[in-house]
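Read left to right, the sequence shown gives residues 0 to 388 (numbering that gives the first Met the number 0). Don't be surprised by glycine CBs; every beta carbon is placed ideally from N, CA and C.
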Amino acid sequence: MSDHDDHQDTQLVHAGEPRPRFGGAVTMPVFQSSTFEHHAEGGYDDVRYLRLSNSPNHDALHRKLATIEGGEAALVTASGMAAVSAALLATLGPGDHVLAQRTLYGGTHDLFTGMLARWGVAHDFIDAAEPEAWEAALRPTTRAIYVEALTNPLLEVADLPAVARFARAHGLVSLIDATFATPVLLRPIALGFDLVLHSATKYLNGHSDLVAGAIIGGAARVEEIRHTLNLLGGSLDPHACFLLHRGLKTLGVRVRRQCASALAVATALHEHPAVQRVHYPGLPSHPGHERAKALLHGGFGAMLSFDLRAEPGHEVEVVRRFVSRLRLPVDAPSLGGPETLVTRPAVTSHAGLDPEVRRGLGIGDGLVRMSVGLEDPADLVADLQQALG
Ligand SMILES: *Cc1c(COP(=O)(O)O)cnc(C)c1O
Numbered sequence: 000m001s002d003h004d005d006h007q008d009t010q011l012v013h014a015g016e017p018r019p020r021f022g023g024a025v026t027m028p029v030f031q032s033s034t035f036e037h038h039a040e041g042g043y044d045d046v047r048y049l050r051l052s053n054s055p056n057h058d059a060l061h062r063k064l065a066t067i068e069g070g071e072a073a074l075v076t077a078s079g080m081a082a083v084s085a086a087l088l089a090t091l092g093p094g095d096h097v098l099a100q101r102t103l104y105g106g107t108h109d110l111f112t113g114m115l116a117r118w119g120v121a122h123d124f125i126d127a128a129e130p131e132a133w134e135a136a137l138r139p140t141t142r143a144i145y146v147e148a149l150t151n152p153l154l155e156v157a158d159l160p161a162v163a164r165f166a167r168a169h170g171l172v173s174l175i176d177a178t179f180a181t182p183v184l185l186r187p188i189a190l191g192f193d194l195v196l197h198s199a200t201k202y203l204n205g206h207s208d209l210v211a212g213a214i215i216g217g218a219a220r221v222e223e224i225r226h227t228l229n230l231l232g233g234s235l236d237p238h239a240c241f242l243l244h245r246g247l248k249t250l251g252v253r254v255r256r257q258c259a260s261a262l263a264v265a266t267a268l269h270e271h272p273a274v275q276r277v278h279y280p281g282l283p284s285h286p287g288h289e290r291a292k293a294l295l296h297g298g299f300g301a302m303l304s305f306d307l308r309a310e311p312g313h314e315v316e317v318v319r320r321f322v323s324r325l326r327l328p329v330d331a332p333s334l335g336g337p338e339t340l341v342t343r344p345a346v347t348s349h350a351g352l353d354p355e356v357r358r359g360l361g362i363g364d365g366l367v368r369m370s371v372g373l374e375d376p377a378d379l380v381a382d383l384q385q386a387l388g
């Protein structure tokens, strides 16, 4: 038996832990040292320095992440955006072209349309649910295809196996940001993806107390990205490594509980007369329900969004009043922590879009996005009902 044969909950606790344990410590200690002694017989590859992401804390975390995702290698980064930008900068160069899903995380969208475009990387946005349309967007210079596991804020589910197959068939590197799905629900490498990215700020750490990212994939690709990250300087501090390592051990129990609570919350909202529509892939009414059922294991995620009923023109005010009456959920961006969070996409994450474009994407002014936390779901449902009442 090896770590690779264990179930994921066992891997989360034991995989990648140093053997023998440092000083017998049951928990991985923090190696808060910027540099490490270099032995006389060592070469450049033996240099250990924190910016190179090769402290004992990094090594252990990389082994654990690679094992739980079923990948050869992993790399942690100073933020989710550091993971996205390092992976894309290592994969693409001037003159290259990339296909990207239309509804991307805001920072990633800006990276494609702003910085990468300025550095000579072209892109086309695609509807990731419509594989028939992708081939027409290919160019001789197309190098990669980039998607997200569940989209923000409507939780759309792309045809992910088709993305991986399309990439194989056309010699493209396939990248997926699987932050919303977590390695508990989705194994992109088993589907054929080359690189899996996470904002570890969210579920992987799970405690709303650090910013980090992760990249998992084949050894050669991850090594190339590590060289890029070394130059960009986006390495994760050892204390943040320690916190992320600690958070990961409970990923399975947290995510399964959060998914069960999210289904309870989504069902209660779906039945409430003040709610016009609920976007949650666990509900049969969601357009991605059948695909989510086929792709996700053990739950449908803990992110959902819903439109409040309002007179035309009064949506923003109705949402503002609803959020101000909530006792438990906190009005804050981000997701994946113990606290249930709500955001109003029309006035926060998607405020920069032209209102017509925003509505065209299905993001109405009465939309509320929710990250379901670890509170008792009965308390959450009761609180939502009093705020809607
Ligand atoms: C938060 C997030 C990011 C960016 O992560 P940071 O840790 O904030 O840099 C990227 N992708 C998705 C899907 C996210 O939710």
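Residue i beta carbon near ligand 1 (any heavy atom closer than 7 Å)
i: Asn151; result: yes
i: Phe111; result: no
i: Asp193; result: no
i: Tyr104; result: yes
i: Gly246; result: no
i: Met80; result: yes
i: Glu147; result: yes
i: Gly212; result: yes
i: Val252; result: no
i: Thr181; result: no
i: Asp236; result: no
i: Thr178; result: yes
i: Val341; result: no
i: Lys201; result: yes
i: Val156; result: no
i: Val75; result: no
Identity of the residue in the options nearest residue i by Cα
i: Ala273; options: Val46, Leu11, Phe35, Leu366; result: Leu366
i: Gly92; options: Ile188, Leu115, Ala77, Arg101; result: Leu115
i: Leu171; options: Arg358, Glu310, Val146; result: Val146
i: Leu11; options: Gly246, Pro55, Ala128, His108; result: Gly246
i: Ala309; options: Leu387, Ala261, Gly300; result: Leu387
i: Val156; options: Ala177, Pro139, Ala128; result: Ala128
i: Asp126; options: Ala99, Val120, Tyr104; result: Ala99
i: Gly79; options: Leu352, Ile175, Ala65; result: Ile175
N-terminal and C-terminal residue of the alpha helix (DSSP H) that residue i is part of
i: Asp446; result: Since the first residue of the chain shown is 0 and the last is 388, residue 446 is not available in this structure.
i: Glu129; result: Careful: Glu129 lies outside any alpha helix (DSSP H) and carries neither H nor E.
i: Glu316; result: 314 to 324
i: Gly212; result: Premise fails: Gly212 lies in the beta strand (DSSP E), 212 to 216, not in any alpha helix (DSSP H).
i: His6; result: That residue, His6, is in no alpha helix (DSSP H); it is neither H nor E in DSSP.
i: Leu184; result: 181 to 184
Count the CB pairs spanning the segment 154 to 168 and the segment 329 to 340 that are closer than 8 Å, and state whether there are at least three. no
At 4 residues or longer, and completely inside the segment 259 to 303: list those alpha helix (DSSP H) runs for me, N to C. 288 to 294
3-residue-minimum beta strand (DSSP E) runs that sit fully inside the segment 26 to 83, ordered along the chain: 72 to 76
Quick test of the definition: if touching needs 3 or more C-beta pairs under 8 Å, does the segment 52 to 67 touch the segment 262 to 270? no
The segment 187 to 195 / the segment 53 to 73 touching (three or more Cβ pairs under 8 Å): yes
Could you tell me which uninterrupted alpha helix (DSSP H) segments, each at least 4 residues in length, are contained entirely in the segment 128 to 173, listed from first to last along the chain? 159 to 168
Counting Cβ pairs, one atom from each stretch, are 3 or more of them under 8 Å apart for the segment 175 to 184 and the segment 197 to 216? yes
May I have a chain-ordered list of the alpha helix (DSSP H) segments no shorter than 4 residues that lie completely inside the segment 200 to 260? 218 to 231, 237 to 247
For the segment 327 to 384, list the alpha helix (DSSP H) runs that are entirely contained and at least 4 residues long, ordered along the chain. 354 to 359
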